[in-house]
Each structure stands twice: as C-alpha cells, then as structure tokens.
Amino acid sequence: MRIGVVVFPGSNCDRDCVHVLRDVVGQDVVEVWHGETALEDLDAVVLPGGFAYGDYLRAGAVAATSPIMPAVRAFASSGGPVLGICNGFQVLLEAGLLPGAMVRNRGLLFQCRTVHIRVESTRTPFTRGLREGQVLRLPIAHGEGNYYAPAALLETIEEAQQVVFRYCDAGGRVTPEANPNGSLRNIAGVCSPQGNVLGLMPHPERAAEEILGSVDGRWIFESLVACLEARVPVPVG
Amino acid sequence: MATVRIIITLKPGILDAAGQAVRQGLHALGYDQAGDVRVGRYVEITVADGIAPEDVHQMCARFLANPLIEQWRFEGLDPNVGASPARSLRRPRPEATRQGRKTDRPGLH
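Chains A and B, in that order, are what the protein sequence lines are.
Just so it is clear: in the first sequence, position 16 is 115 by the numbering used here, and no numbers are missing.
Just so it is clear: in the second sequence, position 30 is 1459 by the numbering used here, and no numbers are missing.
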C-alpha cells in the first residue's frame, strides 16, 4: 500500500510517521509537501504532529488553508482513510473535516507524558483491528488538546458513535483523574460521520516499537494496513 | 485605506485557562480588585475604503476566529462598529464556499 504523510512547515512528527509506516509496518510511503495540490495514487493519508505554521492564530488554523487541503478534503470525501495525529488532528478540526474544536489545556500545562486511552469504536479503518474497550498506552505532548464541542454537537457525535477514543486509567475506567487536559467527556479522538477520517491527540507513532516502551500505537497502523489490503469498504452512515 | 481593529475572545462559558492564570498573577501582585480575566487576540488589518462590515465578519467567521469557541468585535469602519452576529455559528470555509462539503452533516461544525 502507498501512504502519504503531509508535511507542513512546522511539522515535527512527519519523520516518525514515515519511519513507522515504512520500517515497522512495511508500506510504501511518500512525503507530501503542503504546497502540493494533488494526492496521487495514495491509499491513505496521515497528517502528522508538530506546530504547523507555528500554530499562529490557532493550532492548525493556517495549515487548514494550505494548498494541499482541498485535495485532502476530496480524498476524504471519496472515502479515503485520513489520520490526523495531535497537530494533524487540530488541522482536521480547523478544516472542518472533523467536528469540534480544541482549546488550551485545563491548567495551562503542556502535557508531555504517557496516558491510557480506551477504544470506543471499531468503525474506523484505524481501529477495526482493535476491540471495543481495549486500552492503549500512548504518549501525549500538547498544550491545546482540550476537546470542546457545544452540547448539541456533543450529543450528535456521541449518538453517531464518532467518539473513537477516551482518556482512561490503566484499567479502562474513564475518570476525571485520567483526563490530562480537560477534554469534554475525556474525548481523545473523534472520527467523521463516515468513519474514514480519524483524529487523535496521543501519538501512536511514538509507541510502535518495544524500544520505545509501548507497541500499542502499532496496532492502529496495522489495522489500517489490514483494512486496505482486505479492501474492506468504508462503512457509510 | 482604513484600518480595522478586531478583538477576538473565547465565548463566555468556554474555559479560558490563560485568563485564569493572568488573574492569579494579578492577585499575586496585590491587585485583588481584578475580577474575571479574558485573554484574546488582537488583529489589525488595513483594508480598502468602503469595505462592508459583512466582509470583515466573514474574515472572522471563516478564518480569524473559530465560531465554535470564539466571539469577535471590531472597530475602525467608521461609522460602523461590528460585533459577532449571532447567526454566524456555522463556519463556511474557503473550500466549502467554492466546492461544497458533501461529507458534512448539518450542524456538525
């Protein structure tokens, strides 16, 4: 499979994503500069973490206007799998490809530590190989990961099963203490209505090899590859 | 040319962590009279004379502010003085305007 990693000025996890996809999961990977306007022959797209455009204005806001974004939008509209990690998640929110918004972490601290997240939905290509209730141990590193959505929108995405990950403790319990940033309902990741676009704040690419202390992130990429190879159609609705 | 001055702040009810920290700092310096503090952004844009206030609102709604979490007001377009219209909760995007957004459900952004 051929997977594209979009590189914005200020991305800093792009190489990590390329490494995991190419060297750990064994896929063809191309880096796509944000100034490009086409995504050619790709099976999936990853928007990596970092500080695209210095996070000026708001995290992800300027990147959402990049020349490549209409192509990402078209790719997503056609059912192509799109994964946004941390800053990539913020870009997808600002681009309107995912519902909600990010505000500064409760307590203002930049949170850089390992957390646990619980798989809430296996309807995305990135979680189909996991099981609901499964707990993943992944690192976070962000200052604006406090997920917010107005009450009505929150209910809509809950009912539509668009909440894919929640912060939890090691035992899988979703508690206020396990919430590192104040996110509403401990939300750590959400998907599009169709399920093919996923954003999450934790970094699976930083936890995909034993030497890094956890391999739990690897299963998200393995799940994507398994779906692509099986040509499992993306569920609609 | 005119200069429009735009002030963007988090909506009431949205946690303003920076505002809380600034309030603590003011209290630490002895300014106990400081109440609620909201920290926002200030944007100054030079525009052609005769620009419609609605165009400035569109700049805010589509890019300068995030209507899900932020509100804005502006001044400088004498005699017009703007404030975020309540109707602009939806947020048209550059691509959305040109191409439409087929994947979106109503009310999801």
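By construction, the Cβ of each residue, glycine as well, lies at the ideal position given by its N, Cα and C atoms.
Closer than 8 Å at the beta carbon, the chain B residues around residue i
i, result
"A:ALA200", "ASN1495, LEU1497 and ILE1498"
"A:PRO249", "LEU1497"
Segment limits, beta strand (DSSP E) that includes residue i
i, result
"A:LEU297", "296 to 299"
"A:ASN245", "245 to 247"
"A:PHE264", "262 to 267"
"A:ALA173", "Segment 168 to 176 is the alpha helix (DSSP H) holding A:ALA173; no beta strand (DSSP E) there."
"B:PHE1503", "1499 to 1506"
"B:LEU1439", "1431 to 1439"
"A:CYS290", "286 to 290"
Whole-Å CB distance - residue i paired with residue j, under 8 Å assumed
i, j, result
"A:VAL214", "A:ILE167", "The Cβ separation is near 30 Å, so there is no contact."
"B:LEU1493", "B:ILE1437", "6 Å"
"A:ALA194", "A:ALA163", "4 Å"
"A:ARG227", "A:SER322", "5 Å"
"A:VAL129", "A:GLY149", "Not a contact, Cβ separation roughly 18 Å."
"A:ARG203", "A:GLY153", "Contact doesn't hold; Cβ gap of about 16 Å is too wide."
Continuous alpha helix (DSSP H) stretch holding residue i: start and end
i, result
"A:CYS326", "317 to 329"
"A:LEU252", "250 to 258"
"B:GLU1483", "1482 to 1488"
"B:ALA1450", "1446 to 1457"
Within chain A, the residues that residue i reaches when beta carbons sit closer than 9 Å
i, result
"B:ALA1447", "ARG203 and LEU207"
Buried or exposed by the 16-neighbour rule on C-beta atoms within 10 Å, applied to residue i
i, result
"A:PHE209", "exposed"
"B:ARG1516", "Bear in mind that a pLDDT of 48 at B:ARG1516, under 50, signals an unreliable position, so the model cannot answer this."
"B:VAL1433", "buried"
"A:ARG305", "buried"
Residue closest to residue i, alpha-carbon to alpha-carbon, out of the options
i, options, result
"A:VAL263", "A:GLY298, A:VAL117, A:GLY159 and A:ILE310", "A:GLY298"
"A:GLY179", "A:GLY316, A:CYS290, A:GLU308 and A:LEU207", "A:CYS290"
"A:ALA170", "A:LEU191, A:PRO238 and A:GLU254", "A:LEU191"
"A:VAL296", "A:ARG222, A:VAL273 and A:ARG284", "A:ARG222"
"A:SER165", "A:PRO108, A:GLY199 and A:GLY316", "A:PRO108"
"B:ALA1431", "B:GLY1464, B:ASP1461 and B:VAL1476", "B:VAL1476"
Contacts of residue i in chain B (Cβ-Cβ under 9 Å)
i, result
"A:ASN245", "LEU1444 and ALA1446"
"A:GLY232", "Within 9 Å Cβ-Cβ: nothing; A:GLY232 doesn't reach chain B, min ~26 Å."
7 Å Cβ cut-off: residues of chain A touching residue i
i, result
"B:ALA1450", "LEU207"
Residue i: contacting residues in chain A (beta-carbon distance under 8 Å)
i, result
"B:PHE1492", "LEU156, ALA160 and THR164"
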